[in-house]
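Per the numbering used here, residue 2 is the first one in the sequence shown, and the count goes up by one each step.
Glycine included, C-beta positions come from ideal geometry on N, C-alpha and C.
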Amino acid sequence: LADNCVRKIGPSIAKLRLLKMLDMSNNQLNDLPAELSKAIRLRELILYGNPLEKAPLCAQDADTTALFKFLAALNSAVGSGRAKLSGHNLGAIPLQLLQVTTLREVDLSFNGLTLIPRQISHLTQLKVLNVKDNLLNNVPIELSLCLELHTLNIDRNKLVDIVPNICVISQLEVLTATENDVVTLACDMANMVSLVMLDLRDNPNLSKVAGQLLHENISRLMIYLRTIQSGLIYDNINLSRRGLCEFPLEIHHGNGTLGSLCLAYNEISVLPGSIEELSRLTHLNISHNLFQQLPDSLGLMTQLTVLILNDNQILTLPPTFVNLSGLRELALER
């Protein structure tokens, strides 16, 4: 059937039980029917010269083993609503899979995926998505259109934060993102009001504040994130008496317009050099902590008018403090 402008192979191909060789080269096929996997005697399938835009990458291989394994899984998924495609070395999610709109559970782990297509939104009945052990650093905003999605497993990928496109999946109940490289948590995670389980174990660079609060319970973490979220709206964050042992790096997710920050009565000992990123800060209260010294970058915050350092262990101020010409109040009592 080569060179015939064929656009589609029908499901009746499964009836050709004795078929051993099929030459479909130089046609206009975009995908392959799942029923092709039922042609159990087929050993040679020639597909070169077809666009195959919706088929898996393995459709281009001379060895049809991987292709038939995919088609068999696809055929099973159509009937069961569960796509079990772990370890198929897909490289990319075939658009053909995303046409099965009745899917409820999809396992795409161990496939070397670098992105999830926007067409994931076609899976309107999707409840569970497993994309662990891939190469993902983001998910598409269209995933939030899967309104029944309640479980997302994105363990062992390339995430450096819980990206905004995940934060908008407000109905998500379970999110696991272990063994990534997550550093901070976006305050917009506070919008994930249905979240009851968040697993971020083995993210070695995760901010200690987020890790500390999550270890206690997810409710404390969400209260912390909501405090920052609302504080960034009103340019005033108060995180006093929270038992914090480290500067809350999640504050940096703002747009730099924060005007007042209070971290009094905690157990913070180091003020990071990145504090200068809060360039519009006018009021800073870090009293009643464990600071022994302050970074030189604090002297670059020329908008500061009030700086309260009471009850720390600070003996000297950095020489850059001479730049704080607008400072009206400096409290250093011990």
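(request) Could you tell me which residues DSSP puts in a beta bridge with Met198? (result) Val175
(request) Mind listing, in chain order, the continuous beta strand (DSSP E) runs of no fewer than 3 residues lying wholly within the region 218–272? (result) 237–239, 261–263
(request) Output the boundary residues of the alpha helix (DSSP H) element that contains Ile167. (result) 165–168
(request) Could you pull the start and end residues of the beta strand (DSSP E) that Val183 belongs to? (result) Val183 -> no beta strand (DSSP E), and no H or E assigned at all.
(request) Could you work out which residue in Asn138, Thr125, Ile47 is closest to His151 when comparing CA atoms only? (result) Thr125
(message) Mapping the DSSP letters down to three states, classify Asn135 as helix, strand or coil.
(response) coil
(request) Give me the Cα-Cα distance between Met198 and Glu247, rounded to the nearest whole angstrom. (result) For Met198 and Glu247, the distance between alpha carbons rounds to 24 Å.
(message) Under DSSP, the alpha helix (DSSP H) around Asn76 begins and ends at which residues?
(response) Per DSSP, Asn76 belongs to the alpha helix (DSSP H) from 66–81.
(message) On the criterion of 16 or more Cβ atoms from any shown chain inside 10 Å, does Cys168 qualify as buried, or is it exposed?
(response) buried
(message) Just list the residues that DSSP pairs Asn154 with in beta bridges.
(response) Asn131, Thr177
(message) Pairs of beta-carbons, one from the region 31–39 and one from the region 68–78, closer than 8 Å: are there three or more?
(response) Yes, the region 31–39 touches the region 68–78.
(request) Taking 9 Å as the cut-off, decide whether the C-beta atoms of Asn135 and Leu114 are in contact. (result) yes
(message) I need the straight-line Cα distance from Leu214 to Leu245, nearest angstrom please.
(response) 9 Å
(request) Specify whether the region 18–33 and the region 41–54 touch according to this definition: at least 3 beta carbon pairs, one from each stretch, less than 8 Å apart. (result) yes
(message) How far does the beta strand (DSSP E) with His289 in it extend, from its first residue to its last?
(response) Element bounds for His289: n/a, residue is neither H nor E.
(request) Write down the C-beta distance between Leu116 and Leu86 rounded to the nearest angstrom, noting that I regard them as a contact closer than 8 Å. (result) The Cβ separation is near 16 Å, so there is no contact.
(request) State the DSSP-derived secondary structure class of Glu330, mapped to helix, strand or coil. (result) Correct three-state label for Glu330: strand.
(message) Between which residues of its own chain and Gly327 is the CB-CB distance below 8 Å, once the five residues before and five after are set aside?
(response) Leaving aside the five residues that flank Gly327 on each side, the residues in its chain whose CB is nearer than 8 Å to its CB run, in chain order, Thr303, Gln304, Leu305, Thr306.
(message) Going by beta-carbon coordinates alone, are Ile252 and Ile234 separated by less than 9 Å?
(response) no
(message) Taking 9 Å as the threshold (C-beta atoms), are Met22 and Leu2 in contact?
(response) no
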